[in-house]
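Here the structure comes first, spelled out in structure tokens, and everything after it is commentary.
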Amino acid sequence: MDGVILAAVITARVAVPLAIPRFPLPAMLAALVIDGIDQTIFQTFTSLDLTGYQAYDKALDVYYLSIAYVATLRNWTNLTAYSVSRFLYYYRLIGVVLFELTQVRLLLLVFPNTFEYFFDFYEAVRTRWDPRRMSRGLLIGAAAFIWIFIKLPQEWWIHVAQLDMTDFLKEEVFGVPAESSWIDAVTAKPTVVVVALAVVVLLGVLGWWLLTRRLPPADRPFTLDADSQQPAVDKVAIRRRRDRMAQTFLDRELIEKIVLVAFVSVIFAQMLPGDDESALGIAIGVGLVIVVNTAVSEWVIRRGQRWGSVMRQFGLMLALNLAIVGVAGIVLRLLSAEPFQHALVFVLLLTLIVTLYDRYRPVHLTRFSR
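Right, here's the structure in full:
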């Protein structure tokens, strides 16, 4: 039973973020909720040893945040918002890499995950309003507010004080031991639940008042679909942009892909048991694979061919990357059973991020071309 629950949680954490490009807000919130309750699920319903779970948790966090960042290339129409989000994303990514290499928990406070809530803020606005109306001051102010008043306290609580919200609520709010069930906790102090429900209702009423009386009139009907009422980008222009990008091999897109995937791969390497590869070795290996990917992809485009659907592109690039890793393993005699499994994780991750980046970066450049 423990294995079934573990598989279900891991599957949810891997599958749900794949919906972020099309349904950014609900998919991102669902990923956030799963991230918040997974450890509680394991503690409540399984007897699994959670030693080292922090590394798995951080790696899966980086996974869904990476998809969210790439989704901004596809969907965001406010250039200032995109620039702020890119800075926040890479700032956090650098912090997580440093933490994984040093295990200094204070780094997670210095490099807070402001990107996630800023992404939610932008997507919440986009459900009813045109985000192009948001000014530079509003966007920077929102990022600063999230950073200082939301993320810094949260990062201190989780990563510096290392407090568990479930244990805190049971012990400090309900006054029962941490190992008690929630039924026992609620029975001990039912008034806490009543007060909590009252606060939720009050916040709902306040939110409705702000939405209907204080905020500007909506620009469009409520929608959670990123493609609904999205300003159109000419598909022919996107194709031409992709063709022009294929004419230059060494460009900022290649460098960003190498940096992005190398950082993510280094973080994932820390969660793999028995993996003793150096961060530099992982970065070099990832860089070489991406260089080959880019060379093949641009060769295909220069020949006038098209990848077709994103699934077709992912499948073909995955086959290519598996062949690269397989040949390298045979030639260098590096891949025993366990390293091969690790290599498979890296190949899937690398292929997914590169495929999405290659699909969405031309959309972003076309949208903001002068």
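Numbering (our numbering) for the sequence shown: 267 to 636.
Glycine residues also receive a C-beta, built at the ideal position from the N, C-alpha and C atoms.
Note to self: If distances are taken between C-alpha atoms only, which option among E522, Q420, V465, T560 comes closest to G302?
What the structure shows: Locating residue 302 in the sequence shown gives position 36, where the first residue counts as 1. With distances taken between Cα atoms, G302 lies closest to Q420.
Can you look up S401 in the DSSP assignment and give me helix, strand or coil?
Position 135 of the sequence shown, counted from the start, is the residue given in the question as residue 401. Coil.
Residue range of the unbroken alpha helix (DSSP H) whose run includes W565:
Here residue 565 corresponds to residue number 299 of the sequence shown, with the count starting at 1. Run containing W565: 545 to 568, per the alpha helix (DSSP H) assignment.
Original post:
Can you tell me whether I445 is buried or exposed, with buried defined as 16 or more other CB within 10 angstroms of its CB?
Top reply: Residue numbering aside, residue 445 sits at position 179 when the sequence shown is read from its first letter. Looking at the sequence shown, residue 445 is not Ile but Glu. Exposed, by the Cβ-count rule.
Could you give the DSSP three-state label for F440: helix, strand or coil? By 1-based counting over the sequence shown, the position of residue 440 is 174. Of the three classes helix, strand and coil, the one that applies to F440 here is coil, per DSSP.
Exercise. Within its chain, find whatever has a CB closer than 7 angstroms to the CB of A285; leave out the 5 residues flanking it on each side and keep chain order.
Key: Your numbering for residue 285 matches position 19 in the sequence shown. Result list for A285: A293, in chain order.
field: alpha helix (DSSP H) segment containing K455, residue limits
entry: Within the sequence shown, residue 455 is the residue found at index 189, counting from 1. Premise fails: K455 is in no alpha helix (DSSP H) and is neither H nor E.
Worksheet item: Could you check where the alpha helix (DSSP H) with G361 kicks off and where it finishes?
Response: Along the sequence shown, one-based indexing puts residue 361 at 95. It spans 345 to 368 - the alpha helix (DSSP H) in which G361 sits, taken as one unbroken run.
For this session: Could you check the C-alpha separation between V613 and T560 for me, to the nearest Å?
Result: If you number the sequence shown from 1, residue 613 lands on position 347. If you number the sequence shown from 1, residue 560 lands on position 294. Distance between the alpha carbons of V613 and T560: 15 angstroms.
Worksheet item: Just reading off the alpha helix (DSSP H) that M511 is part of, what are its end residues?
Response: For the purposes of this step, residue 511 is identified with residue 245 of the sequence shown, where counting begins at 1. Segment 501 to 511, the alpha helix (DSSP H) holding M511.
N- and C-terminal bounds of the alpha helix (DSSP H) containing R279
Taking the sequence shown and counting its residues from 1, the one referred to as residue 279 is at position 13. Unbroken alpha helix (DSSP H) run through R279: 268 to 281.
- Per-residue DSSP class, three states only, for D493: As a first step, residue 493 must be located in the sequence shown, where it is residue number 227. Note: D493 maps to coil in three-state DSSP.
For this session: To the nearest angstrom, report how far apart F289 and L298 are at their CA atoms.
Result: Taking the sequence shown and counting its residues from 1, the one referred to as residue 289 is at position 23. Taking the sequence shown and counting its residues from 1, the one referred to as residue 298 is at position 32. If I take the Cα positions, the gap works out to 14 angstroms.
L520: first and last residue of the uninterrupted alpha helix (DSSP H) it sits in
Your numbering for residue 520 matches position 254 in the sequence shown. Its alpha helix (DSSP H) spans residues 518 to 535.
How many Å lie between A503 and A512 at the Cα? Counting from one through the sequence shown, the residue named residue 503 turns up at place 237. Counting from one through the sequence shown, the residue named residue 512 turns up at place 246. Cα-Cα distance, rounded: 14 angstroms.
Whole-angstrom distance between D315 and D450, CA atom to CA atom
Here residue 450 refers to the residue found at position 184 when the sequence shown is read from its first residue. Here residue 315 refers to the residue found at position 49 when the sequence shown is read from its first residue. Approximately 24 angstroms, taken between the alpha carbons.
Mind checking which residues open and close the alpha helix (DSSP H) that includes V649? It is not possible to answer for residue 649, since the shown part of the chain is limited to 267 through 636.
message: For L374 and G361, I'd like the C-alpha separation in whole angstroms.
response: By one-based count along the sequence shown, residue 374 stands at place 108. By one-based count along the sequence shown, residue 361 stands at place 95. For L374 and G361, the distance between alpha carbons rounds to 6 angstroms.
Alpha carbon to alpha carbon, what distance is there between F311 and I619?
The count along the sequence shown starts at 1 and reaches residue 619 at position 353. The count along the sequence shown starts at 1 and reaches residue 311 at position 45. Looking at the two C-alpha atoms, the distance is approximately 33 angstroms.
What are the boundary residues of the alpha helix (DSSP H) that T224 is part of?
-> With the chain covering only 267 through 636, there is no way to say anything about residue 224.
Alpha-carbon to alpha-carbon, L586 and G407:
Looking up residue 407 in the sequence shown gives position 141. Looking up residue 586 in the sequence shown gives position 320. G407 and L586: Cα-Cα distance of roughly 44 angstroms.
Practice problem: May I ask you to report which of helix, strand or coil DSSP gives F488? | Solution: Your numbering for residue 488 matches position 222 in the sequence shown. The answer is coil: DSSP assigns F488 none of H, G, I, E or B.
| message | Is it buried or exposed, S313, if we count other Cβ atoms within 10 angstroms and call 16 or more buried? | response | Here residue 313 is taken as the residue at index 47 of the sequence shown, counted from 1. With fewer than 16 other Cβ atoms within 10 Å, it is exposed.
> So I300 and R279 are in contact, right, with Cβ under 8 angstroms, and what is the actual spacing, rounded?
Replying inline: Start at 1 with the first residue of the sequence shown, and residue 300 comes out as number 34. Start at 1 with the first residue of the sequence shown, and residue 279 comes out as number 13. Indeed they touch by this definition, with Cβ atoms about 6 angstroms apart.
Next on the checklist: I need the straight-line Cα distance from R633 to R507, nearest angstrom please.
Outcome noted: For the purposes of this step, residue 633 is taken as residue 367 along the sequence shown, with counting starting at 1. For the purposes of this step, residue 507 is taken as residue 241 along the sequence shown, with counting starting at 1. For R633 and R507, the distance between alpha carbons rounds to 10 angstroms.
### Message
On the DSSP letters alone, give me the boundaries of the alpha helix (DSSP H) that F385 sits inside.
### Response
Translated into the one-based positions of the sequence shown, residue 385 becomes position 119. Here the alpha helix (DSSP H) through F385 covers 380 to 392.
Worksheet item: Going by C-alpha distance, which of A535, V530, V499 is nearest P331?
Response: Mapped onto the sequence shown, residue 331 falls at position 65. The amino acid occupying residue 331 in the given sequence is Leu; Pro does not appear at that position. The shortest Cα separation from L331 among A535, V530, V499 belongs to V530.
*DSSP-derived helix/strand/coil call for Q571*: Taking the first residue of the sequence shown as 1, we reach residue 571 at position 305. Three-state DSSP puts Q571 in coil, outside helix and strand.
Helix, strand or coil for D396, going by three-state DSSP, please let me know. Residue mapping note: residue 396 aligns to position 130 of the sequence shown, counting from 1. Reduced to three states, the DSSP call for D396 is coil.
From T478 to I333, what does the alpha carbon distance come to, in whole angstroms?
By one-based count along the sequence shown, residue 478 stands at place 212. By one-based count along the sequence shown, residue 333 stands at place 67. If I take the Cα positions, the gap works out to 33 angstroms.
Helix, strand or coil for L584, going by three-state DSSP, please let me know. The sequence position of residue 584 within the sequence shown is 318, counting from 1. Three-state result, L584: helix.
Review point. Among the residues of its own chain, which have a CB less than 6 angstroms from the CB of R578, if the five just before and after it don't count?
Key: For the purposes of this step, residue 578 is taken as the residue at position 312 of the sequence shown. Nothing listed; no residue qualifies.
> By Cβ distance, which residues of its chain are closer than 7 angstroms to I567, with the 5 residues on each side in sequence left out?
Replying inline: By one-based count along the sequence shown, residue 567 stands at place 301. Cβ within range, chain order: R508, D509, A512.
Practice prompt. Out of R392, G592, P378, point me to the one whose CA is closest to I412's CA.
Written response: On the sequence shown, residue 412 is found 146 positions in, with the first residue counted as 1. Per the Cα distances, P378.
Say yes only if the C-beta of I590 is nearer than 7 angstroms to one or more non-hydrogen atoms of the ligand GTP, and no if none qualify.
You won't find the ligand GTP in this model; it holds no ligand whatsoever.
- prompt: CB A528 to CB G553, shorter than 8 angstroms?
  reply: The residue you call residue 528 lines up with position 262 of the sequence shown. The residue you call residue 553 lines up with position 287 of the sequence shown. Their beta carbons are under 8 angstroms apart, which means A528 touches G553 by this criterion.
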